[in-house]
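This report concerns only the one structure given below.
Residue numbers (our numbering): 1 to 144.
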């Protein structure tokens with residue numbers, strides 16, 4: 001019997017040059033540990049969905065909330081995430097969350113929208129307007 005709790009959880013990951021390949025690999029391990037802690041929970045449409053968006057010069061949705069319906073599939077996709085590098089455009093990434101990652105086509109009504117942002121520094125662009133848009137759209141953001 002699986003516990004059914006709905007949540008859309010996205011990891012927003014800094015892949016700028018200052019992070020580097022080694023730290024990026026540690027971040028992937030951290031994400032995998034969190035996802036693994038949801039053992040025994042329903043995954044996919046009826047349960048918890050995970051996504052990963054990375055940001056450097058541009059934000060990229062590497063794992064959409066709708067891509068996988070099992071814990072094993074998500075963990076495999078996280079393991080295979082490539083490191084690219086670039087600048088750290090956090091404002092663009094936050095706006096991308098609102099416009100694309102949690103778009104009406106992808107997000108579910110009445111389901112908590114949670115973002116865990118993992119970064120190692122300040123943004124190279126402006127974040128105020130995008131941060132307000134995140135809050136205005138009911139997205140809970142936690143920075144690590």
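Built from N, CA and C at the ideal position, the CB exists for glycine as well.
Residue span of the beta strand (DSSP E) that contains residue i, given as start and end
| i | result |
| --- | --- |
| residue 113 | 113–118 |
| residue 76 | That residue, residue 76, is in no beta strand (DSSP E); its alpha helix (DSSP H) goes 71–79. |
| residue 25 | Here residue 25 belongs to no beta strand (DSSP E); instead the alpha helix (DSSP H) covers 20–36. |
| residue 14 | 7–14 |
| residue 51 | 48–55 |
| residue 143 | 139–143 |
| residue 41 | Unbroken run through residue 41: none, as it is neither H nor E. |
Status (buried if at least 16 other CB within 10 Å, exposed otherwise) for residue i
| i | result |
| --- | --- |
| residue 143 | exposed |
Euclidean distance between Cα positions of residue i and residue j
| i | j | result |
| --- | --- | --- |
| residue 115 | residue 20 | 22 angstroms |
| residue 96 | residue 53 | 9 angstroms |
| residue 92 | residue 140 | 17 angstroms |
| residue 28 | residue 99 | 25 angstroms |
| residue 56 | residue 110 | 31 angstroms |
| residue 101 | residue 61 | 7 angstroms |
| residue 4 | residue 48 | 8 angstroms |
| residue 123 | residue 10 | 19 angstroms |
| residue 112 | residue 16 | 28 angstroms |
| residue 31 | residue 84 | 18 angstroms |
| residue 8 | residue 103 | 12 angstroms |
| residue 108 | residue 24 | 29 angstroms |
| residue 22 | residue 78 | 15 angstroms |
| residue 72 | residue 14 | 24 angstroms |
Span of the alpha helix (DSSP H), counted from its first residue to its last, around residue i
| i | result |
| --- | --- |
| residue 134 | 128–136 |
Looking at C-beta atoms only, is the number of pairs between the region 63–71 and the region 35–50 that lie closer than 8 angstroms three or more?
-> The answer is yes - the region 35–50 touches the region 63–71, with three or more Cβ pairs under 8 angstroms.
Does the region 119–136 come within contact of the region 75–95, defined as at least 3 CB pairs closer than 8 angstroms?
-> With a cut-off of 8 angstroms, the region 75–95 and the region 119–136 count as touching, because enough Cβ pairs lie within range.
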